[in-house]
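S.K.: So the sequences go chain by chain: Z and F. Numbered by full-length UniProt numbering, the letters in the first sequence go through residues 1 to 323 in order. Numbered by full-length UniProt numbering, the letters in the second sequence go through residues 1 to 323 in order. C-beta atoms are modelled at their ideal positions from N, C-alpha and C, and glycine is treated no differently. The structure presented is a predicted model; accordingly, all values stated were derived computationally and were not measured.
2 protein chains.
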Amino acid sequence: MSVREIAKLAGVSTATVSRVYRGVGSVSAATRAKVQAAIEQYGYRPSHLGEALANRRHGALAVVFPGLSGPYFAELINGVESVAVPRQVSVHVIGTHLRREAPDELLDVARRVDGMAIHGGTVPKTVIMELAARHPVVMIGPDPHPAPVVVRTDQQAFRLLVSHLLADHGLRKLVFVGNPEGSPDLTERWEAFAAAHAELGLRPGKQLRTGLEQTHGVQAADEVLAGGFDGAVCGNDETALGLMMAVLGRGLRVPGDLVITGVDDVPMSSLVSPGLTTVARPLAELGATATRLLLDLINGADVVPETVLPSRLVRRASCGCRD
Amino acid sequence: MSVREIAKLAGVSTATVSRVYRGVGSVSAATRAKVQAAIEQYGYRPSHLGEALANRRHGALAVVFPGLSGPYFAELINGVESVAVPRQVSVHVIGTHLRREAPDELLDVARRVDGMAIHGGTVPKTVIMELAARHPVVMIGPDPHPAPVVVRTDQQAFRLLVSHLLADHGLRKLVFVGNPEGSPDLTERWEAFAAAHAELGLRPGKQLRTGLEQTHGVQAADEVLAGGFDGAVCGNDETALGLMMAVLGRGLRVPGDLVITGVDDVPMSSLVSPGLTTVARPLAELGATATRLLLDLINGADVVPETVLPSRLVRRASCGCRD
DNA sequence: TTGAAAGCGTTACCAA
DNA sequence: TTGGTAACGCTTTCAA
């Protein structure tokens, strides 16, 4: 089923079929009806390839993440789709899982889309630069590399959080749970963690390097508990929740035996008991903004190089505040 | 940068450029070198659209899920990619989030891929049939609808699990946590749950309808605890883990105050304490098999209509077995 | 070994 | 309001 066949069946030209299908240009009611009938009878849908080739536009964009699992990415993707879907742009979600072949894969993905939004910390500098040189690229979250366009959240609330634990709750032995080397986001948080300590003339607590998933939080429990810390400042909610689960599973209390905090404010965090004190970040908005900018970039518009979205401290019971 | 330009720059025909790029056909060493040089100098990569149009093949397939979040889907996707990536086929991951517009979206996605693997319970019968009529389609997991090709796991181990709780642990008041109406997978599990009760001359326990995410498990806690049940048989590990977390957070004990079991054996389940008793399902293999069959279907091969993979009971501490 | 030309399925321009 | 025709960027067949 191609335009040509439908055109023949309806006794019109391909141009007319195209016009009818897309509802543009002027077509008499009579011809329109004829063509519509043929289209419906044969269930004709134009080939995406033909369309895209002629338009020199894929009508698709890619979002590249280190992984896919978890509420963090789910929310980000929601944001992306909330702007892409209404504009009829399809979204390719790529999880590199940080595997080696990722760079080559991305070069290949680039051939199928009009532009890409790349999460910070997923691909090496050289690849980003190579991609950005040829295609519209927007970075989601901080990345140490010189990138064309970046959308991110600030670290203010996170610093406030650490100060809150130190100053208001009087904690003096905090662990930072997360690996600053693995992710630019965590690098910034570690710096804010250190800065908040320094501000009070304290030495920054220890750093416990783990991944960003719930399982990593569970696995960190033994070491955290053995370290005699009074509070665990986790790099994100998922590790915090994993840690909390492990601590509770040992019959200990939060915040009584250990204060725990996270970052992101994923849905679980407000539901568990004790509620998780965390930093709310506008994840959906982050994805949506990145996508809007990317589409602007694709359309050749001028785009501001850096957009910073606000984050917000959310105090619940896990830090010791009464709920 | 198109074939034509490269051809001109290298002083050869487009056919020769194409041959060199793909490494097929016979080309003299001298011309090959000339062409290679031009390709590298200009960083030429053939347009995917041109390629696909000429080959009448997208080199891509879609996997359709109800959601994206969580370890269950992550593992399934791993399986899919483990076979697609080596074959140079790119994967479009679609999360419908069960939204209304999903059917239309899928029809549109179908225009961009060579075939699709659809998770059971994600789209209405009519849509599946419409898709399957025009495109290669493989279903992942049970679906009540007549589908061309299905890959699934059996329910044997799940039934065994329920019998184990009833017969070996002597539990008499089990809740089934999950909504059979929402998912064909859960429908089958509910049936197995009822059958295991019937086998011992017992009446099937109550059904507590919730979603399949961790948050839903947390939210179900109050109702489960108020019901005076001795065991909660959850539809999957995620709800089980959420429930467990909520129960522990209230200062209660698992399995002492409540036995909890799941299905899937996601990574968290072996890490938490108490370890979660569950049914291990070969999720990666499920995704991989579906993908293999889909590619066969695309290549016009004959394909067996139903493949059933085995599941396995994994006893840990949460059911009351000593670890 | 190489090239000319047709074809893949659209859209868009220009005439009619 | 319509249609013819030239792109779009590639692969492939057939000759040379």
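(1) Using the rule of at least 16 other Cβ atoms within 10 Å of the residue's Cβ for burial, across every protein chain shown, is L106 of chain F buried or exposed?
(2) Please decide whether M245 of chain F counts as near chain Z, where near means a Cβ-Cβ distance under 7 Å.
(3) Would you tell me roughly how many angstroms separate the C-alpha atoms of P144 of chain Z and I298 of chain F, rounded to the nearest one?
(4) Pick out whichever of Z:K125, Z:A220, Z:G170, Z:H58 has its Cα sitting closest to the Cα of G115 of chain Z.
(5) Three or more C-beta pairs closer than 8 Å, one from the segment 239-249 of chain F and one from the segment 275-292 of chain F: is that the case here?
(6) Pull up the CB-CB distance for C319 of chain F and P255 of chain F, whole angstroms please, since I reckon it's below 8 Å.
(7) Taking 7 Å as the CB-CB limit, is L92 of chain Z close to chain F?
(8) Hey, would you say T210 of chain F sits closer than 7 Å to A220 of chain F, going by beta carbons?
(9) Using C-beta distances below 8 Å, list every residue in its chain close to A288 of chain Z, excluding the 5 sequence neighbours before and after it, in chain order.
(10) Measure from the alpha carbon of A284 of chain Z to the alpha carbon of each residue in Z:S270, Z:D257, Z:G141, Z:P136, then state which is nearest.
(11) Going by alpha carbons, who is nearest to P86 of chain Z out of Z:L295, Z:G300, Z:R312?
(12) Taking L313 of chain F as the reference, which of F:H164, F:V218, F:P103 has the closest Cα?
(13) Under a CB-based cut-off of 7 Å, is V218 of chain Z close to chain F?
(14) Run through DSSP, which three-state label would G95 of chain Z get?
(15) List, in order along the chain, the chain Z residues whose C-beta lies closer than 8 Å to that of V109 of chain F?
(16) Can you tell me which of the three DSSP states V24 of chain F falls into?
(17) Under 7 Å between beta-carbons, which chain F residues line up against T261 of chain Z? List them in chain order, please.
(18) Would you call the segment 67-75 of chain F and the segment 54-72 of chain Z in contact, with 3 or more CB pairs under 8 Å?
(19) Three or more C-beta pairs closer than 8 Å, one from the segment 13-23 of chain F and one from the segment 299-308 of chain Z: is that the case here?
(20) Helix, strand or coil: which one does DSSP assign to H169 of chain Z?
(21) Under a CB-based cut-off of 7 Å, is H278 of chain F close to chain Z?
(22) Go to residue 351 of chain F, then tell me how far its alpha helix (DSSP H) extends in each direction, as first and last residue.
(23) With DSSP as the reference, label A301 of chain Z as helix, strand or coil.
(24) Distance check for Q156 of chain F and A232 of chain F, CA to CA, integer angstroms please.
(25) Across which residues does DSSP place residue 353 of chain Z in a beta bridge pair?
(26) Would you mind telling me which residues of chain F sit closer than 8 Å to residue 324 of chain Z, beta carbon to beta carbon, in chain order?
(27) Can you pull the chain Z residues whose beta carbon is under 9 Å from the beta carbon of L166 of chain F, in chain order?
(28) Can you tell which of F:Q214, F:R56, F:G95 has the C-alpha that lies nearest to the C-alpha of A74 of chain Z?
(29) What would DSSP say about E306 of chain Z, mapped onto helix, strand or coil?
(30) Using a beta-carbon distance below 7 Å, is H48 of chain Z in contact with chain F?
(31) Taking only beta carbons into account, state which residues of the UniProt domain "HTH lacI-type" (1-55) of chain F come closer than 9 Å to chain Z, listed in chain order.
(32) I'd like to know if L208 of chain Z contacts chain F, where contact means its C-beta is closer than 7 Å to some C-beta of that chain.
(33) Using a Cβ-Cβ cut-off of 7 Å (strictly less than) and excluding sequence neighbours within five positions of H135 of chain Z, which residues of its own chain qualify?
(34) Could you pull out every residue in the same chain whose Cβ sits closer than 7 Å to the Cβ of G235 of chain F, ignoring the five residues on either side in sequence?
(35) With 7 Å as the threshold, decide whether the Cβ of Q214 of chain Z is near any Cβ in chain F.
(36) By Cβ distance below 8 Å, which residues in the same chain neighbour R112 of chain Z in space, the five residues on each side in sequence not counted?
M.R.: Taking the coordinates as given:
(1) Within the second sequence, residue 106 of chain F is the residue found at index 106, counting from 1. By the 10 Å Cβ count, L106 of chain F comes out buried.
(2) To locate residue 245 of chain F, count along the second sequence from 1; it is residue 245. Yes, its Cβ sits closer than 7 Å to a Cβ of chain Z.
(3) Position 144 of the first sequence, counted from the start, is the residue given in the question as residue 144 of chain Z. Position 298 of the second sequence, counted from the start, is the residue given in the question as residue 298 of chain F. Whole-angstrom Cα-Cα distance: 43 Å.
(4) Numbered from 1 along the first sequence, position 115 holds the residue referred to as residue 115 of chain Z. Closest option to G115 of chain Z, Cα to Cα, is Z:H58.
(5) yes
(6) Numbered from 1 along the second sequence, position 319 holds the residue referred to as residue 319 of chain F. Numbered from 1 along the second sequence, position 255 holds the residue referred to as residue 255 of chain F. That belief holds up - the Cβ atoms of C319 of chain F and P255 of chain F are roughly 6 Å apart, short of 8 Å.
(7) The residue given as residue 92 of chain Z occupies position 92 in the first sequence. Note on identity: in this sequence residue 92 of chain Z is His, with Leu being the wrong assignment. So, interface residue.
(8) Locating residue 210 of chain F in the second sequence gives position 210, counting from the first residue. Locating residue 220 of chain F in the second sequence gives position 220, counting from the first residue. Cβ atoms of T210 of chain F and A220 of chain F: closer than 7 Å.
(9) The sequence position of residue 288 of chain Z within the first sequence is 288, counting from 1. These residues qualify, in order along the chain: G79, V80, S82, V83.
(10) Translated into the one-based positions of the first sequence, residue 284 of chain Z becomes position 284. When each option's Cα is compared against that of A284 of chain Z, the closest is Z:G141.
(11) The residue you call residue 86 of chain Z lines up with position 86 of the first sequence. Restricting attention to Z:L295, Z:G300, Z:R312, the CA atom closest to the CA of P86 of chain Z is found in Z:L295.
(12) Looking up residue 313 of chain F in the second sequence gives position 313. For the residues F:H164, F:V218, F:P103, the minimum Cα distance to L313 of chain F belongs to F:H164.
(13) Residue numbering aside, residue 218 of chain Z sits at position 218 when the first sequence is read from its first letter. Yes, because at least one Cβ of chain F sits closer than 7 Å to the Cβ of V218 of chain Z.
(14) In the first sequence, the residue the question calls residue 95 of chain Z occupies position 95. Note: G95 of chain Z maps to strand in three-state DSSP.
(15) As a working note, residue 109 of chain F is residue 109 in the second sequence. Simply S90.
(16) By 1-based counting over the second sequence, the position of residue 24 of chain F is 24. It is coil, neither helix nor strand.
(17) Here residue 261 of chain Z corresponds to residue number 261 of the first sequence, with the count starting at 1. Within 7 Å Cβ-Cβ: nothing; T261 of chain Z doesn't reach chain F, min ~16 Å.
(18) yes
(19) no
(20) The count along the first sequence starts at 1 and reaches residue 169 of chain Z at position 169. Three-state result, H169 of chain Z: coil.
(21) Along the second sequence, one-based indexing puts residue 278 of chain F at 278. His is not the amino acid found at residue 278 of chain F; the sequence shown has Thr there. No, T278 of chain F does not count as interfacial toward chain Z.
(22) No answer is possible for residue 351 of chain F: it lies beyond the span of chain F, which begins at 1 and ends at 323.
(23) Locating residue 301 of chain Z in the first sequence gives position 301, where the first residue counts as 1. A301 of chain Z falls in the coil class under three-state DSSP.
(24) In the second sequence, residue 232 of chain F corresponds to position 232, counting from 1. In the second sequence, residue 156 of chain F corresponds to position 156, counting from 1. Cα-Cα distance, rounded: 19 Å.
(25) The requested residue 353 of chain Z is not part of the displayed model; chain Z covers only 1 to 323.
(26) For chain Z, the structure presents residues 1 to 323; residue 324 of chain Z sits outside this window and is missing.
(27) Here residue 166 of chain F refers to the residue found at position 166 when the second sequence is read from its first residue. Those do not exist, as L166 of chain F stays about 26 Å from chain Z at its closest Cβ, beyond 9 Å.
(28) For this step, residue 74 of chain Z is matched to residue 74 along the first sequence. Nearest C-alpha to A74 of chain Z: F:G95.
(29) Translated into positions along the first sequence, residue 306 of chain Z becomes position 306. Three-state DSSP puts E306 of chain Z in a strand.
(30) Taking the first sequence and counting its residues from 1, one reaches residue 48 of chain Z at position 48. Judged by the 7 Å Cβ criterion, H48 of chain Z is in contact with chain F.
(31) G43, R45, P46, S47, H48, L49, G50, E51, A52, L53
(32) To locate residue 208 of chain Z, count along the first sequence from 1; it is residue 208. Output row for L208 of chain Z: interface = no.
(33) Looking up residue 135 of chain Z in the first sequence gives position 135. Around H135 of chain Z: A110, G115, M116.
(34) Position 235 of the second sequence, counted from the first residue, corresponds to residue 235 of chain F. Taken in chain order, the residues that qualify are V177, G178, L186, R189, L212, V263.
(35) For the purposes of this step, residue 214 of chain Z is taken as residue 214 along the first sequence, with counting starting at 1. Taking 7 Å as the CB threshold, Q214 of chain Z lines the interface with chain F.
(36) What you label residue 112 of chain Z is simply residue 112 of the first sequence in a count that begins at 1. Once the five neighbours on either side are set aside, the close Cβ partners of R112 of chain Z are H58, A60, A62, H92.
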